[in-house]
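In the working numbering, the protein residues as written are 337 to 893. No residue lacks a Cβ here, since even glycine has one placed at the ideal position from N, Cα and C. Here the structure is a predicted model, which means the values were calculated and not measured.
Rendered as structure tokens:
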């Protein structure tokens, strides 16, 4: 991620001037590359897991530790604000976390800094506000408790940047933020709303704040920070980052009690955690036998504490370092501060010669065919949810591989088809030009007699006013002709495709896929208005159907 940081503001925050050479060295330890040194530092954050480093305060915090500064203690004075969550928001945007930062005095530069951090977090961990979005409010104008509920499209309030009331429907249609982020709520008829005890609207998440309560100025002394989203872990993580930055600006943090329909949660929680650590594992993996005091010193540069007891060693990890999962991450942190350039390289003791796997070579050839036809490849998550796989595809729910304890309902199972992922991608990009030609090659998972079977599928979609069964059949012809594979089609009826314009694909008498024109109901479920045709193939079975001979000779010239 590209970052631009005001250098003088960064140095003022740290409280010391850092020379260029030393600054570059320190930033590299944070996996931040310096593209340009000047009054404005142009940086690139290589580690997207370190989302707290998108802020100037986050970078200053880490640089201060490398200079030997004692880490700041973050604490919640009390949990006094109550937030009540309506059960009905569970199907739209189920999670919320809030804090109140009191006694703060912001200048114009700091307000701009907060807005910049807010936008960066929305874009990264928030996935352009789909997973999380942030709201900042003048708490002195709010009358607690706060209510997070659903509302019809007719509810009206004055959105930020406007002077007249607008309904939620009008905001989605006319407001710049509604146009930019309305796709997130395209599949729902009711909308999330945040209000106080007087019924005053705080915001219409994740679209826009109110113009009154949702405006922070230099006169604001108490700030309500609110984060809503579809992932509880991400929502609470973003709140911690925003709260820490405001504490660093001089505020005092007060927490909230979130009243979910069947549970209570407090936010934020600034609680460090501990990971077991064996120094011998570090010595073995790195080849460097550092003493315990040396290990302890290097870990302190990251704000980690090496603790010893009769049972062995543990490393205390700062609460906001959620990227650190296990001992291997701790070892990496030590090496970053030790310096990879100080390691002595050793040659491989067993030289080997490798070659490209024939199956992956085949996949790359399929990619070349599709790219030659004007298709663009995407990569999406294998984790999804039953609503996407079945409800929005207009088919009955079936057995899938479900996660035992999913962090978010958005990612609660493994996908058994790639087509829903393509449709989700298309729904996010419907404002761009057509035709849109997309494909993905990736893993899908099926359950057979209780056993998980992993397969590789290819799915392609064409969105265009002229999209038809024939247009997608032409794509199939091009792929299979390239490898001289004969096939036949058999008509089939499924809720995903238009009846009479859908067929199963057979090669050597075995079904390997399906193609057709998408049902208008499916397109409506995804908020799409352009006709579309699609196909999905079991690319592993297709590869298996090719005769055992040199495929390079069988390809057409």
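Between the C-alpha atoms of residue i and residue j, what's the straight-line distance to the nearest angstrom?
{"i": "residue 887", "j": "residue 399", "result": "At residue 887, the pLDDT of 46 sits below 50, so the modelled position is not reliable and the matter cannot be decided from this model."}
{"i": "residue 393", "j": "residue 667", "result": "25 Å"}
{"i": "residue 487", "j": "residue 702", "result": "48 Å"}
{"i": "residue 543", "j": "residue 462", "result": "13 Å"}
{"i": "residue 638", "j": "residue 451", "result": "27 Å"}
{"i": "residue 750", "j": "residue 852", "result": "24 Å"}
{"i": "residue 727", "j": "residue 531", "result": "31 Å"}
{"i": "residue 761", "j": "residue 723", "result": "15 Å"}
{"i": "residue 800", "j": "residue 624", "result": "59 Å"}
{"i": "residue 779", "j": "residue 622", "result": "34 Å"}
{"i": "residue 653", "j": "residue 553", "result": "35 Å"}
{"i": "residue 793", "j": "residue 876", "result": "7 Å"}
{"i": "residue 498", "j": "residue 460", "result": "27 Å"}
{"i": "residue 359", "j": "residue 397", "result": "14 Å"}
{"i": "residue 414", "j": "residue 425", "result": "27 Å"}
{"i": "residue 551", "j": "residue 496", "result": "7 Å"}
{"i": "residue 797", "j": "residue 808", "result": "8 Å"}
{"i": "residue 694", "j": "residue 700", "result": "10 Å"}
{"i": "residue 348", "j": "residue 602", "result": "34 Å"}
{"i": "residue 629", "j": "residue 641", "result": "11 Å"}
{"i": "residue 576", "j": "residue 753", "result": "36 Å"}
Report the three-state DSSP secondary structure of residue i (helix, strand or coil).
{"i": "residue 477", "result": "helix"}
{"i": "residue 396", "result": "helix"}
{"i": "residue 490", "result": "coil"}
{"i": "residue 777", "result": "strand"}
{"i": "residue 723", "result": "helix"}
{"i": "residue 384", "result": "coil"}
{"i": "residue 674", "result": "helix"}
{"i": "residue 581", "result": "helix"}
{"i": "residue 889", "result": "A caution first: residue 889 carries a pLDDT of 45, below 50, which makes its placement in the model too unreliable to give a value."}
{"i": "residue 517", "result": "helix"}
{"i": "residue 376", "result": "strand"}
{"i": "residue 569", "result": "helix"}
{"i": "residue 502", "result": "strand"}
{"i": "residue 551", "result": "coil"}
{"i": "residue 510", "result": "helix"}
{"i": "residue 925", "result": "Missing from the structure shown is residue 925; the chain here goes from 337 to 893 and no further."}
{"i": "residue 879", "result": "helix"}
{"i": "residue 874", "result": "strand"}
{"i": "residue 442", "result": "coil"}
{"i": "residue 458", "result": "helix"}
{"i": "residue 342", "result": "strand"}
{"i": "residue 812", "result": "helix"}
Going by C-alpha distance, which of the options is nearest residue i?
{"i": "residue 428", "options": "404, 528, 469 and 589", "result": "528"}
{"i": "residue 351", "options": "373, 404 and 340", "result": "404"}
{"i": "residue 657", "options": "572, 750, 493 and 360", "result": "572"}
{"i": "residue 468", "options": "676, 670, 603 and 563", "result": "563"}
{"i": "residue 662", "options": "845, 418 and 610", "result": "610"}
{"i": "residue 356", "options": "374, 345, 874 and 349", "result": "374"}
{"i": "residue 758", "options": "423, 737, 747 and 718", "result": "718"}
{"i": "residue 802", "options": "829, 854 and 822", "result": "854"}
{"i": "residue 420", "options": "723, 670, 600 and 684", "result": "600"}
{"i": "residue 342", "options": "796, 678, 391 and 536", "result": "391"}
{"i": "residue 406", "options": "594, 665, 633 and 416", "result": "633"}
{"i": "residue 614", "options": "739, 626 and 805", "result": "626"}
{"i": "residue 845", "options": "856, 878, 858 and 813", "result": "878"}
{"i": "residue 731", "options": "861, 596, 697 and 746", "result": "861"}
{"i": "residue 822", "options": "843, 337 and 805", "result": "843"}
Who are the near neighbours of residue i in its chain, counting only those whose CB is closer than 8 Å to its CB and skipping five residues on each side?
{"i": "residue 454", "result": "470, 472 and 578"}
{"i": "residue 850", "result": "828, 830, 833, 838, 839, 840, 841, 871 and 872"}
{"i": "residue 863", "result": "519, 522, 523, 763 and 766"}
{"i": "residue 446", "result": "585"}
{"i": "residue 785", "result": "none"}
Among residues of its own chain, excluding the 5 on either side of residue i, which ones have a beta-carbon nearer than 7 Å to its beta-carbon?
{"i": "residue 712", "result": "773 and 774"}
{"i": "residue 885", "result": "Interpretation of residue 885 is limited by its pLDDT of 40, a score under 50 that renders its predicted location unreliable; the figure taken from the coordinates is listed afterwards. Within the same chain, residue 885 has no close Cβ partners at all."}
{"i": "residue 489", "result": "503, 504, 505 and 527"}
{"i": "residue 896", "result": "The structure shown does not extend to residue 896, since the chain spans only 337 to 893, so no value can be given for it."}
{"i": "residue 513", "result": "543 and 544"}
{"i": "residue 465", "result": "458, 517, 520 and 542"}
{"i": "residue 788", "result": "737 and 781"}
{"i": "residue 534", "result": "479"}
{"i": "residue 444", "result": "554"}
Tell me which residues share the same chain as residue i and place their Cβ nearer than 6 Å to its Cβ, disregarding the 5 neighbours each side in the sequence.
{"i": "residue 644", "result": "none"}
{"i": "residue 417", "result": "436, 480 and 592"}
{"i": "residue 741", "result": "none"}
{"i": "residue 383", "result": "367"}
The ligand NAP and residue i: does the residue's C-beta get closer than 8 Å to at least one heavy atom of that ligand?
{"i": "residue 600", "result": "Within the structure as shown, the ligand NAP is missing, as the structure has no ligands at all."}
Segments of 4+ residues assigned as alpha helix (DSSP H) that fall wholly inside the segment 676-751: Entirely contained in the segment 676-751, the alpha helix (DSSP H) runs reaching 4 residues are, in chain order, 694-708 and 722-725.
Curious, which full-length beta strand (DSSP E) runs of at least 3 residues does the segment 621-659 contain? The segment 621-659 contains these whole beta strand (DSSP E) runs: 641-645 and 648-653.
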